[in-house]
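**Student:**
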Amino acid sequence: MAHWRALGVPGSLVAAVPNMRAHGQSGLTAGLFDLVVMSPTLGERTGWLELKVGKRDLSPAQRDIRSIMAALGVPHRVEWGRDNPIRALEEWGAVRRSRR
Ligand SMILES: [Mg+2]
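FYI, in our numbering the residues of the sequence shown are 44 to 143.
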């Protein structure tokens, strides 16, 4: 999120998705990926990015949602660490590519 705020492409959006751990709202759904991404590169498609740390893997609910996205051709990525999610955002055209 901080990376997108600093280097976000005009006309793009990266936003956190409330999941079951949020409270007080109907329609909260276990397994939704962490971030929703819109960009001029993605166009009419919306990207979903799941962020993972350490050795954690997808939960069963996340696997179910990933299966739906895979079947429908919805852009989605599961990325570990700090740099890999940024790379996904770059590939989706949501943030400018940084020199490295
Ligand atoms: Mg996560």
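Just so it is clear, CB atoms sit at the ideal spot from N, CA and C, and this is done for glycine as well. Predicted, not measured: the structure shown is a model, and the values here were computed from it.
Sort 132, 140, 139 and 141 by Cα distance to residue 81 and report the nearest one.
**Tutor:** Walking along the sequence shown from the start, residue 81 turns up at place 38. Of the listed residues, the one whose Cα sits closest to residue 81 is 132.
**Student:** Does the Cβ of residue 94 lie closer than 8 Å to at least one heavy atom of ligand 1?
**Tutor:** Working through the sequence shown from its first residue, we reach residue 94 at position 51. Residue 94 Cβ: within cutoff of ligand 1.
**Student:** If you follow the beta strand (DSSP E) that residue 10 is in, where does it begin and where does it stop?
**Tutor:** With the chain running from 44 to 143 in the structure shown, residue 10 is simply not present.
**Student:** Taking DSSP's pairing of strands, which residues face residue 125 in a bridge?
**Tutor:** For the purposes of this step, residue 125 is identified with residue 82 of the sequence shown, where counting begins at 1. Paired residues: none, contrary to the question.
**Student:** For residue 120 versus residue 101, is the C-beta distance shorter than 9 Å?
**Tutor:** For the purposes of this step, residue 120 is taken as residue 77 along the sequence shown, with counting starting at 1. For the purposes of this step, residue 101 is taken as residue 58 along the sequence shown, with counting starting at 1. No. Outside cutoff.
**Student:** Evaluate contact between the stretch 104-120 and the stretch 70-77, counting only Cβ atoms and requiring at least three cross-stretch pairs below 8 Å.
**Tutor:** With a cut-off of 8 Å, the stretch 70-77 and the stretch 104-120 count as touching, because enough Cβ pairs lie within range.
**Student:** Starting from the Cα of residue 70, find the closest Cα among 79, 60 and 116 and give me that residue.
**Tutor:** Position 27 of the sequence shown, counted from the start, is the residue given in the question as residue 70. Closest option to residue 70, Cα to Cα, is 60.
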